[in-house]
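One gets my numbering by counting positions in the first sequence from 1 and adding 2 to each.
Where a beta carbon is used, it is the ideal one built from N, C-alpha and C, also for glycine.
For clarity, every value in this text was computed on a predicted model and none was experimentally measured.
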Amino acid sequence: MPELPEVEVLRRSLEPRLMGETIEGVTVRVPALREPIPKARLARDVTGRQVVGLRRRAKYLLIDLAGGITLVLHLGMSGRLTLVPGETPPEAHEHVVFHLASGRRLRFRDPRRFGQIFSLPGEEIAGHRRFAHLGIEPFDPAFTGDCLRRSALGRRGPVKAFLMDASVVVGVGNIYASEVLFQTRIHPRRSVARISRQRWEAVAEAVRTVLGEAIAEGGTTLNDFTDGEGNRGYFQVSLAAYGREGEACHRCGEGGSIRRIVQAGRSTFYCPRCQH
DNA sequence: CGGGCGGCCTGGAGGC
DNA sequence: TGCCTCCAGGCCGCCC
Numbered sequence: 003m004p005e006l007p008e009v010e011v012l013r014r015s016l017e018p019r020l021m022g023e024t025i026e027g028v029t030v031r032v033p034a035l036r037e038p039i040p041k042a043r044l045a046r047d048v049t050g051r052q053v054v055g056l057r058r059r060a061k062y063l064l065i066d067l068a069g070g071i072t073l074v075l076h077l078g079m080s081g082r083l084t085l086v087p088g089e090t091p092p093e094a095h096e097h098v099v100f101h102l103a104s105g106r107r108l109r110f111r112d113p114r115r116f117g118q119i120f121s122l123p124g125e126e127i128a129g130h131r132r133f134a135h136l137g138i139e140p141f142d143p144a145f146t147g148d149c150l151r152r153s154a155l156g157r158r159g160p161v162k163a164f165l166m167d168a169s170v171v172v173g174v175g176n177i178y179a180s181e182v183l184f185q186t187r188i189h190p191r192r193s194v195a196r197i198s199r200q201r202w203e204a205v206a207e208a209v210r211t212v213l214g215e216a217i218a219e220g221g222t223t224l225n226d227f228t229d230g231e232g233n234r235g236y237f238q239v240s241l242a243a244y245g246r247e248g249e250a251c252h253r254c255g256e257g258g259s260i261r262r263i264v265q266a267g268r269s270t271f272y273c274p275r276c277q278h
């Protein structure tokens with residue numbers, strides 16, 4: 003589900019409410035996520051620790067705890083993390099609950115169980131197998147068109163998959179890849195070997211503006227995304243390409259022109275009249 | 001080594 | 001109403 007904007011929206015909503023809060027305990031109801039939750043280690047690491055910071059790396063939410071421990075959460079496709087009053091009854095697929103000193107609970111719900119939760123010393127994050135290969139953050143000032151151009155050297159695959167490759171740039175998932183290519187008028191099947199410097203600059207710029215606008219609008223809620231307070235996003239009404247198969251192109255105005263194709267098993271949406 | 005594909009899971013939508 | 005198929009925002013590991 004969530005790409006960079008959704009995780010960032012979640013982080014911003016939780017930050018003021020979780021800072022300084024102490025985790026009194028954790029209940030792992032269903033440890034069998036795609037990668038099993040290391041239950042005992044998690045309980046040992048987080049119990050009694052105060053939240054001292056919330057960060058994001060790629061699509062991971064990082065909750066820093068006193069004593070140098072970091073709680074790592076990934077929402078996968080259907081994960082949701084919400085802060086609720088203590089008396090709130092559990093809902094279906096509520097796999098993990100963090101009990102807070104204030105009496106509130108931070109609960110993790112994930113029907114498809116593609117999410118991930120684990121803990122580790124903060125200094126081990128960079129070298130961890132889930133993080134070691136990750137590329138640059140889109141909002142890092144060092145992220146430029148030239149970064150993309152250099153990453154593309156020696157490659158010839160389609161630009162859509164390239165944008166979704168987290169070892170190139172992190173945070174761009176299936177929705178925003180289509181949106182970025184629509185904004186820059188690049189055909190999703192175009193080989194990265196055939197993209198000019200100028201176009202790479204436009205792509206880097208579009209990655210930042212599309213993700214930035216999505217964050218400003220609370221993320222994209224197609225189905226179940228919410229922030230930590232349960233608020234839905236509304237960027238879905240601003241999507242120009244994704245999910246609009248058969249509808250009119252907002253740029254050229256041609257009725258029914260938005261097309262859906264499948265690349266590497268994922269849907270891509272684009273306007274064949276505008277994107278080349 | 002780059003890149004395509006299957007698999008991991010459940011649920012919702014739509015066709016018949 | 002019920003059954004079946006397809007599809008879904010991520011990511012890894014296995015192939016060629």
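Asked, Found
"Taking the beta strand (DSSP E) that Val48 belongs to, which residues open and close that run?", "Val48 -> not in any beta strand (DSSP E); alpha helix (DSSP H) instead, spanning 41-48."
"Take Val48 and list the residues in its own chain whose beta-carbon comes closer than 8 Å to its own, dropping the five residues that flank it on each side.", "Ile25, Val28, Leu67, Ile71, Leu73, Phe100, Ser121"
"DSSP three-state label for Val32, please.", "coil"
"Kindly list the residues whose CB is nearer than 7 Å to the CB of Ala2, restricted to its own chain and excluding five residues on each side of it in sequence; keep chain order.", "Residue 2 is absent from the structure shown; the chain starts at 3 and stops at 278."
"Buried or exposed for Pro140, going by 16 or more other Cβ atoms inside 10 Å?", "buried"
"In terms of alpha-carbon separation, which member of Leu77, Lys162, Gly129, Ile39 lies closest to Gly117?", "Leu77"
"Taking the alpha-carbon positions, what's the Arg261 to Gln277 distance?", "11 Å"
"Within its chain, find whatever has a CB closer than 8 Å to the CB of Ile188; leave out the 5 residues flanking it on each side and keep chain order.", "Val161, Ile197, Arg201, Val205, Gln277, His278"
"What whole-angstrom Cβ distance do Ile39 and Ile119 have, given they're in contact under 8 Å?", "5 Å"
"With distances taken from CA atoms, which of Pro33, Val54, Glu37, Gly55 is nearest Ala45?", "Pro33"
"By the 10 Å Cβ neighbour count, where 16 or more other Cβ atoms means buried, how is Ala60 classified, buried or exposed?", "buried"
"With a threshold of 6 Å on Cβ separation, who are the neighbours of Ile263 within its own chain once the five nearest residues in sequence on each side are excluded?", "Thr270"
"Tell me which same chain residues have a C-beta within less than 6 Å of the C-beta of Pro190, skipping the five on either side of it?", "Lys162, Leu183, Thr270, Tyr272"
"Since I believe Glu17 is in contact with Arg58 (beta carbons under 8 Å), could you give me their beta-carbon distance rounded to a whole number of angstroms?", "Contact flag wrong, Cβ pair sits at about 10 Å."
"Take every Cβ of the region 90-106, pair it with every Cβ of the region 131-146, and state whether three or more of those distances are shorter than 8 Å.", "no"
"Counting pairs of beta carbons, one from the region 164-174 and one from the region 218-238, are three or more of them closer than 8 Å?", "no"
"Whose C-beta lies closer than 7 Å to the C-beta of Glu247 among residues of the same chain, with five residues either side of it excluded?", "Ile260, Arg261, Arg262, Phe271"
"On the CB-based measure, 16 or more other CB atoms within 10 Å of its CB, does Glu89 come out buried or exposed?", "exposed"
"Pick from Arg31, Tyr62, Thr84, Arg151: whose alpha carbon is nearest that of Arg19?", "Thr84"
"Please say whether Val209 and Ala154 have beta carbons closer to each other than 8 Å?", "no"
"Among Asn233, Arg199, Gln185, which residue has its Cα nearest to the Cα of Cys254?", "Gln185"
"Quick one: give me the first and last residue of the alpha helix (DSSP H) that Tyr178 is part of.", "176-186"
"Per DSSP, what are the beta-bridge partners of Thr279 in this structure?", "Missing from the structure shown is residue 279; the chain here goes from 3 to 278 and no further."
"What do you reckon, are the CB atoms on Leu56 and Arg13 nearer than 8 Å?", "yes"
"Report yes if the C-beta distance between Glu96 and Arg111 is below 8 Å; otherwise report no.", "yes"
"How many Å lie between Gln265 and Gly22 at the Cα?", "45 Å"
"Quickly, what does DSSP pair Ile119 with across the bridge? List them, please.", "Leu75"
"Going by DSSP in three states, Arg151 sits in which element: helix, strand or coil?", "helix"
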